[in-house]
Each structure stands twice: as structure tokens, then as C-alpha cells.
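**Student:** Using this note's numbering, read the sequence shown as starting at 29 and increasing by one per residue.
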Amino acid sequence: MDAADRFRRAVVGQPWRRRRRALIIAALITFVLVAGAGIAVLTVPALQVRTVAVSGLGYVQEDAISQVTDPEVGTAMALVRPGELANRIEQVPGVETAQVERSWPDTITVTVTERTPIAQLTRLDGNTVILDAHGVALPDAAAQDAVLMPLAVGEGARDPEGAAEAMIEAASSLPPEIADGVRGITATSPNDVTMTLALENGATKTVVWGDAADAELKGKVVAALLDQPGTVIDVSSPVAPVTR
Numbered sequence: 029m030d031a032a033d034r035f036r037r038a039v040v041g042q043p044w045r046r047r048r049r050a051l052i053i054a055a056l057i058t059f060v061l062v063a064g065a066g067i068a069v070l071t072v073p074a075l076q077v078r079t080v081a082v083s084g085l086g087y088v089q090e091d092a093i094s095q096v097t098d099p100e101v102g103t104a105m106a107l108v109r110p111g112e113l114a115n116r117i118e119q120v121p122g123v124e125t126a127q128v129e130r131s132w133p134d135t136i137t138v139t140v141t142e143r144t145p146i147a148q149l150t151r152l153d154g155n156t157v158i159l160d161a162h163g164v165a166l167p168d169a170a171a172q173d174a175v176l177m178p179l180a181v182g183e184g185a186r187d188p189e190g191a192a193e194a195m196i197e198a199a200s201s202l203p204p205e206i207a208d209g210v211r212g213i214t215a216t217s218p219n220d221v222t223m224t225l226a227l228e229n230g231a232t233k234t235v236v237w238g239d240a241a242d243a244e245l246k247g248k249v250v251a252a253l254l255d256q257p258g259t260v261i262d263v264s265s266p267v268a269p270v271t272r
């Protein structure tokens, strides 16, 4: 190889060296662009949370939701974790489920589903609490405009919590045509639930429910026996009910 060829190779360079140099430069440019975009997403004020929009509220106060969501205001939208935020909102009394979405560029959208109140429980000490079908205590505001079954823990109850659980199980298992006529449910233990039903003719019947087992079947049996003579329907053993 003469001197002219060596000089030309030294100046021009090998093709693989040129390609490697181009790839390195391209990679550096890409890195700078991605890093810059990431920094912009995390720091640009226009991409930070400014508004929390909440829908689906009835008796749950918006202030109770705000106490959970307010710390997110001013946070970069990219750092908001919708699932974790939804879990925290679901700890608010009265909230059954929450769905959280990021609405770019600066809004968090929260959709709340409230728990449905079905009963008001009177405890041994006389205090009352609003319950849903799962026995979860709800804010007092849940009672407004709601038709609630009255439940009462009877005097001398040795297991008031068990009695309350059995009553709410019974209340949530009743067919609508029976639930509308319930005037009261009482129990002193998980095994002696008793309810009073008001009939369309103005009469009443006592339903001996027993424990929480076979609740759905018991409800169907009671519905089938409402027209039978007598003032008592005993479905503590639903496969062998008794009327008297």
C-alpha cells in the first residue's frame, strides 16, 4: 500500500467505524430527548394535578373524599397511581368502590359507588348504627330518604355482635315482597333471630328465623307460607317449616 492510500484511509476511516460513530451519536441524542421529556413530564406545571373531579356521591360528603385526594394536588400526573388512590378512597365510610383515572393534562377523575343502606341496628346500649347488606357501618347521613329495616339486639344478649350479624344476614336475604313488610327483627344470639311482618290486610305475623344458615331458602319458604293460617311461621328448619 503506497503512502497516498494510507493517507486516504486515515482521513476517510473504515466504514464500520463510521457506522459505530453514527450509532453512538444517535443513541446519545435519543437519550437526551427521552431524559428531557421525562424531566418535562415530572416538572412542567401544566402536567401537574390541578383538579380532582368526583362523581357518584350521595350521602358521602365530598370533604371526606377530599381529605384523601388533596395530597395529590400539585403532584406530577405521571406519578399518580390510580389503583393505590382508589384503594385509599374505598376506606372512606360509605364508599363501596372507587374508580380513579388520569385525565390529562391536569385532572384526576374519581367515580364513587356508595354502599346501600338496608337496616338500622339498635345496640344494647341504645345507640343506633346504619348498616349495609354486609353489616358495614355507614355514616348517619345514609339514613336520609332510605327505607331501613329496624334491627335490635335483645336484652340479655351474650353475643350481641353475633346476633347483629345473623340479623343482617336475614335482612339481606329476604325477597322484596317480604322485605317491604318487615317491621322489626330481633335477636339475642346468632341462633334466635325473629322478625315481625306486616301483612296487606293489616295483620302481623311472627317469623321464627333461627340462625343465619340457609337464609335464601328460608326467605323463599316464608314467602310461600304467608297466606297460610296462623300468626307464626317457623323456618328455623326450612325443610320442615311450621305454621301455627
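Beta carbons are placed, not taken as given, at the ideal position from N, Cα and C, and that holds for glycine.
Could you tell me the alpha carbon to alpha carbon distance between Lys269 and Pro178, rounded to whole angstroms?
**Tutor:** In the sequence under discussion, the amino acid at residue 269 is Pro, which differs from the Lys named in the question. Straight-line Cα distance between these residues: approximately 25 Å.
**Student:** DSSP has Gln127 in a bridge; who is on the other side?
**Tutor:** Answer by DSSP bridge pairing, in chain order: Thr139.
**Student:** Do Val80 and Thr135 have their C-beta atoms within less than 9 Å of each other?
**Tutor:** Yes, these two residues count as a Cβ contact at 9 Å.
**Student:** Going by DSSP, which residues form a beta bridge with Gln148?
**Tutor:** According to DSSP, Gln148 bridges with Ile158, Pro178.
**Student:** When you compare the region 94-108 with the region 156-176, are there three or more beta-carbon pairs, one atom per stretch, that lie closer than 8 Å?
**Tutor:** They do not touch, by the three-pair rule.
**Student:** Do Glu197 and Ala251 count as a contact pair if the criterion is CB distance below 9 Å?
**Tutor:** Not in contact: Ala251 and Glu197 (Cβ atoms no closer than 9 Å).
**Student:** For Gly86, I'd like the list of residues in its chain whose CB is within less than 8 Å of its CB, leaving aside the five on either flank, ordered along the chain.
**Tutor:** Answer for Gly86: Glu142, listed in chain order.
**Student:** Could you give the uninterrupted runs of the alpha helix (DSSP H) lying entirely in the region 159-230, keeping only those of 4 residues or more?
**Tutor:** The region 159-230 contains these whole alpha helix (DSSP H) runs: 188-201, 204-207.
**Student:** Following the continuous alpha helix (DSSP H) through Val77, name the residue where it begins and the one where it ends.
**Tutor:** Per DSSP, Val77 belongs to no alpha helix (DSSP H) and is neither H nor E.
**Student:** For Val96, which option in Arg116, Val77, Ala226, Gly84 has the closest C-alpha, if you only look at C-alpha atoms?
**Tutor:** It is Arg116.
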